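The structure under discussion appears below in the form of structure tokens.
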């Protein structure tokens, strides 16, 4: 017969400390048998919700407490499940003891990823670079966003990872984060390394990457010459949709912004410093803050579409429509290259000469 099993948390007010905080204690109950487990967390009694067994508020301390309690609860469920699967005698004490053994390493993806990143951070300057740490940190945040978007979850058990999970994550990176093939490849590799880390620790049995295939694509990046860009800028266009696409494309050429970064721009991203206007935003791909000088031509395009797009800075269409119309634009401008929105990202260095000539136009 399956035993009854419950986990609860409470504040032990009888152990209140001089700072006014009391310890949060976990109570494990199985078939009426109870045992207490220290959480190493403290809180002021008024900040504790008895009905929900959680801290109240939005501060970082409250967030940390609730996340830690969720992690403890999840690990206790794993301990109970492992005892049940192995046919062991299940008592409140045996669950507690099993938890204290498996608690040496996290049993969920994001918890393990977080521990890995904390170790990486400690090694900066000691064989690991800050740039490597930032890449893993970004990968962690992308996974966290994906879990919330796709599954409505804060985390996932490591042994629940499947090939389907990996495939879903790849699709998410391509369609929701607008990442290119090779950038998606890199993000998938960071996840794969964490999975390998988990397997080496004995935390996962099956490899979710078995039969998953994604390869790095070696390519010769295409770019526009400054003559081609100049022909696009100077072309007289009577078709409104093509004129709009041309303006947005040229704007991005001067600013060096990707499609998704341009799409997200609002008037709040425009700031004035030292008598010069700047675009101040955060890049979606790298999650880095950027500060871009706003020259005359892109400023004119912002003014041209002012008050037409609500809070958006420019009337950016879907990526699919933009690329479709850019092909038409290439035809009427006599450009034989496969003109896509992304090509401007590879062309930035080749625009400097033209920008220097046109920045005051």
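In this note's numbering, the protein residues as written are 1176 to 1536. For every residue, glycine included, the Cβ atom is placed at its ideal position computed from N, Cα and C. Given the structure is predicted, the values throughout are model-derived calculations rather than measurements.
Proximity of residue i and residue j at Cβ, strictly below 8 Å
i	j	result
residue 1408	residue 1419	no
residue 1343	residue 1361	no
residue 1450	residue 1316	no
residue 1227	residue 1286	no
residue 1336	residue 1379	yes
residue 1385	residue 1338	yes
residue 1497	residue 1480	no
residue 1456	residue 1465	yes
residue 1331	residue 1251	no
residue 1314	residue 1365	yes
residue 1233	residue 1241	no
residue 1487	residue 1441	yes
residue 1349	residue 1359	yes
residue 1271	residue 1200	no
residue 1274	residue 1265	no
residue 1484	residue 1490	yes
CA-to-CA distance, residue j to residue i, given in whole angstroms
i	j	result
residue 1184	residue 1318	29 Å
residue 1260	residue 1329	25 Å
residue 1494	residue 1401	24 Å
residue 1523	residue 1427	Residue confidence is low: residue 1523 scores 49 on pLDDT, short of 50, so the model does not pin down where it sits. Its coordinate-derived value is still stated next. Each residue's alpha carbon lies about 9 Å from the other.
residue 1357	residue 1203	47 Å
residue 1353	residue 1435	7 Å
residue 1417	residue 1368	44 Å
residue 1208	residue 1267	6 Å
residue 1302	residue 1187	44 Å
residue 1299	residue 1415	52 Å
residue 1474	residue 1467	12 Å
residue 1333	residue 1447	48 Å
residue 1205	residue 1237	29 Å
residue 1453	residue 1437	14 Å
residue 1224	residue 1215	18 Å
residue 1283	residue 1180	21 Å
residue 1503	residue 1292	46 Å
residue 1476	residue 1422	7 Å
residue 1381	residue 1371	11 Å
residue 1398	residue 1249	51 Å
residue 1433	residue 1404	17 Å
residue 1431	residue 1253	48 Å
residue 1383	residue 1376	16 Å
residue 1390	residue 1355	12 Å
residue 1262	residue 1269	12 Å
residue 1311	residue 1320	14 Å
Bridge-paired residues (DSSP) for residue i
i	result
residue 1186	1199
residue 1218	1197
residue 1212	1201
residue 1468	1453
residue 1239	DSSP, once it has assigned bridges, lists no residue as partnering residue 1239.
residue 1487	1441
residue 1332	1283
residue 1229	1224
residue 1180	1205
Neighbour flag for residue i against chain C, beta carbons, 8 Å
i	result
residue 1214	Included in the structure is just one protein chain, with no chain C present.
Contained beta strand (DSSP E) runs [length at least 3] in the segment 1387-1453, N- to C-terminal order
1445-1448
Within the segment 1281-1314, note down every full beta strand (DSSP E) run reaching 3 residues or more, in order along the chain.
none
Assess, as a yes-or-no matter, whether the segment 1184-1198 is touched by the segment 1218-1238 under the definition of 3 or more beta carbon pairs within less than 8 Å.
yes
Say whether the segment 1456-1476 touches the segment 1497-1514, bearing in mind that this needs 3 or more beta-carbon pairs closer than 8 Å, one atom from each stretch.
no
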